[in-house]
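S.K.: Residues 2 to 300 in this note's numbering are what the sequence shown lists, from first letter to last.
Okay, handing you the structure first.
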Amino acid sequence: MVKRLRELALIYKGLSDDSFRVLLTLNSLGLKYEYVPLEEIERITKLTPSRIIKSLKELIDVKAVVKHKTTQSFRLTYLGLDLVALKKLSDSGVLAYLGTRVGVGKESEIYVAKTPTEKIVAVKFYKIGRVSFQKIKRVRAYALDESRWFSLSRNAASREYTVLSKLSNYTSLVPHVYAHVEHSVVMDYVDGVELYRYKKALMPEKILRSIMSALRSAYVDLGIVHGDLSEYNILVSVSEGEKPYIIDWPQYVYRDEPGAEKLLLRDVSYMVKFFKENYGLEKKVGDCLEFVKGLRDEI
Ligand SMILES: Nc1ncnc2c1ncn2[C@@H]1O[C@H](COP(=O)(O)OP(=O)(O)O)[C@@H](O)[C@H]1O
Ligand SMILES: [Mg+2]
Numbered sequence: 002m003v004k005r006l007r008e009l010a011l012i013y014k015g016l017s018d019d020s021f022r023v024l025l026t027l028n029s030l031g032l033k034y035e036y037v038p039l040e041e042i043e044r045i046t047k048l049t050p051s052r053i054i055k056s057l058k059e060l061i062d063v064k065a066v067v068k069h070k071t072t073q074s075f076r077l078t079y080l081g082l083d084l085v086a087l088k089k090l091s092d093s094g095v096l097a098y099l100g101t102r103v104g105v106g107k108e109s110e111i112y113v114a115k116t117p118t119e120k121i122v123a124v125k126f127y128k129i130g131r132v133s134f135q136k137i138k139r140v141r142a143y144a145l146d147e148s149r150w151f152s153l154s155r156n157a158a159s160r161e162y163t164v165l166s167k168l169s170n171y172t173s174l175v176p177h178v179y180a181h182v183e184h185s186v187v188m189d190y191v192d193g194v195e196l197y198r199y200k201k202a203l204m205p206e207k208i209l210r211s212i213m214s215a216l217r218s219a220y221v222d223l224g225i226v227h228g229d230l231s232e233y234n235i236l237v238s239v240s241e242g243e244k245p246y247i248i249d250w251p252q253y254v255y256r257d258e259p260g261a262e263k264l265l266l267r268d269v270s271y272m273v274k275f276f277k278e279n280y281g282l283e284k285k286v287g288d289c290l291e292f293v294k295g296l297r298d299e300i
């Protein structure tokens, strides 16, 4: 059975002010409690019990909140956390409009959105644990609550924001970032096609060179290695002359960490192999590695 997803933007628009107050409270108490007791919600929101019950009902209906099986206590779902992040991004003037979901990755969902100045941006919501959580739930009646994963998602968003904001100083081959709140990152929307779907590049060699120069900026200027580079984490913007954008950076490592060299070799050889298999390009992994490390100026 396929469940129709109600759009996030619709749910957001439909929520009352009371419900947002309850959501924000559940979020801020989520570090202290796995499930937040009703009395705590009353104490913090200062809403009357009947208004809180009404809000909780609304939030449970849209699956933003779940109730504990036996006690009068409640916690956010990932959808609830999305709504909290959106509320904060909207209140702080980062976002003015949320559009539809434009991407689903291994551990994230990406939405298109607009800033108050009508700039089109992408909002990446980390959903770490979501896949494994659903798998566990299918085979076992008892599963860890997905809220246990929130801190990992918040951490990934913060890492990706930090690295992208620094990298933008050195290369234009990554999206610009604007903000990060909770488990979300707001960045430039890249109007592009993932490299794995972009089969007939006109200038494959130029694309490969650009990818290597982005890795070089990361390595030489910032001292980091991407660590998960593949045709899934590169978006090619056709309208900008097949310009590649390297995305998905939260797993980056510093070049002096143990294992960094191995990851760099993996990233570089993976790309060289991809362009050899798809376009017959004969580049040497060793030459590309030297280029990325700043030991030669051409490839
Ligand atoms: N800035 C962006 N602009 C447009 N689409 C994006 C952007 N970032 C991600 N996407 C889309 O979302 C997908 C997943 O994003 P990604 O950052 O790779 O997340 P994951 O960690 O889940 O793999 C990408 O393959 C791409 O299709
Ligand atoms: Mg990815």
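For glycine and all other residues, C-beta sits at the position ideal for the given N, C-alpha and C.
Hey, which unbroken runs of the beta strand (DSSP E) at 3 residues or more fall wholly within the stretch 211–290?
M.R.: Taking only runs of at least 3 residues, the beta strand (DSSP E) segments lying wholly in the stretch 211–290 are 235–238, 244–247.
S.K.: Figure out for me which residue from VAL286, GLY260, TRP250, GLY228 has the closest Cα to the Cα of VAL164.
M.R.: Here the question's residue 164 lines up with position 163 in the sequence shown. The residue with the shortest Cα to Cα distance from VAL164 is TRP250.
S.K.: When the Cα atoms are used, what is the spatial distance from TYR239 to MET204?
M.R.: As a first step, residue 239 must be located in the sequence shown, where it is residue number 238. As a first step, residue 204 must be located in the sequence shown, where it is residue number 203. Note that residue 239 corresponds to Val in the displayed sequence, not to Tyr. One C-alpha to the other measures close to 11 Å.
S.K.: Where does LYS55 fall in DSSP's three states?
M.R.: Within the sequence shown, numbered from 1, the residue matching residue 55 stands at position 54. Correct three-state label for LYS55: helix.
S.K.: Whose CA, out of TYR13, VAL237, PHE75, THR71, lies closest to the CA of TYR34?
M.R.: Numbered from its first residue, the sequence shown carries residue 34 at position 33. Taking only the C-alpha atoms, the option nearest TYR34 is PHE75.
S.K.: Taking ILE225 and ARG256 to be in contact with their CB atoms under 8 Å, please state how far apart those CB atoms are, rounded to whole angstroms.
M.R.: Translated into the one-based positions of the sequence shown, residue 225 becomes position 224. Translated into the one-based positions of the sequence shown, residue 256 becomes position 255. About 6 Å separates the two Cβ atoms, so the contact holds.
S.K.: Just checking my contact of TYR199 with VAL175 at CB under 8 Å: how many whole Å lie between their CB atoms?
M.R.: Sequence index remark: in the sequence shown, residue 199 carries index 198 (1-based). Sequence index remark: in the sequence shown, residue 175 carries index 174 (1-based). TYR199 to VAL175, Cβ: 18 Å. No contact.
S.K.: Measuring only from the beta carbon, is VAL254 closer than 8 Å to any heavy atom that is part of ligand 1?
M.R.: Walking along the sequence shown from the start, residue 254 turns up at place 253. Flag unset: Cβ of VAL254 not near ligand 1.
S.K.: Going along the chain, which residues of its own chain have a beta-carbon closer than 6 Å to the beta-carbon of GLY104, five neighbours each way excluded?
M.R.: By 1-based counting over the sequence shown, the position of residue 104 is 103. The answer, listed in chain order, is ILE111.
S.K.: Based on Cα-Cα distance, which residue from ARG149, GLY130, GLU183, ARG131 lies nearest to ASN156?
M.R.: Along the sequence shown, read from residue 1 onward, the residue named residue 156 stands at position 155. Considering only alpha carbons, the answer is GLU183.
S.K.: Going by beta-carbon coordinates alone, are VAL286 and SER270 separated by less than 9 Å?
M.R.: Counting from one through the sequence shown, the residue named residue 286 turns up at place 285. Counting from one through the sequence shown, the residue named residue 270 turns up at place 269. Yes. Within cutoff.
S.K.: Please check the pair ALA202 and TYR280, which I expect to be a contact at CB under 8 Å, by giving their CB distance rounded to whole angstroms.
M.R.: As a working note, residue 202 is residue 201 in the sequence shown. As a working note, residue 280 is residue 279 in the sequence shown. Going by Cβ atoms, the distance from ALA202 to TYR280 rounds to 7 Å, so yes, they are a contact pair.
S.K.: Quick one: Cα of GLY295 to Cα of ASP268, how far?
M.R.: The sequence position of residue 295 within the sequence shown is 294, counting from 1. The sequence position of residue 268 within the sequence shown is 267, counting from 1. Answer to the nearest angstrom: the Cα atoms are 16 Å apart.
S.K.: Report whether the distance from the Cβ of LYS128 to the nearest heavy atom of ligand 2 is below 8 Å.
M.R.: For this step, residue 128 is matched to residue 127 along the sequence shown. No, the beta carbon of LYS128 sits no closer than 8 Å to any heavy atom of ligand 2.
S.K.: Cα-Cα, which of LYS277, VAL187, ASN234 is closest to ALA123?
M.R.: The residue labelled residue 123 in the question sits at position 122 within the sequence shown. The residue with the shortest Cα to Cα distance from ALA123 is VAL187.
S.K.: Measuring CB to CB, does ARG52 end up less than 9 Å from ASP19?
M.R.: One-based indexing of the sequence shown puts residue 52 at position 51. One-based indexing of the sequence shown puts residue 19 at position 18. Contact: yes.
S.K.: How would you label LEU230, buried or exposed, when you count the other beta carbons within 10 angstroms and need 16 or more for buried?
M.R.: For this step, residue 230 is matched to residue 229 along the sequence shown. It counts as buried.
S.K.: Suppose you measure from the CA of VAL178 to the CA of THR71; what does that come to, to the nearest Å?
M.R.: Looking up residue 178 in the sequence shown gives position 177. Looking up residue 71 in the sequence shown gives position 70. Rounded to the nearest angstrom, the two C-alpha atoms are 43 Å apart.
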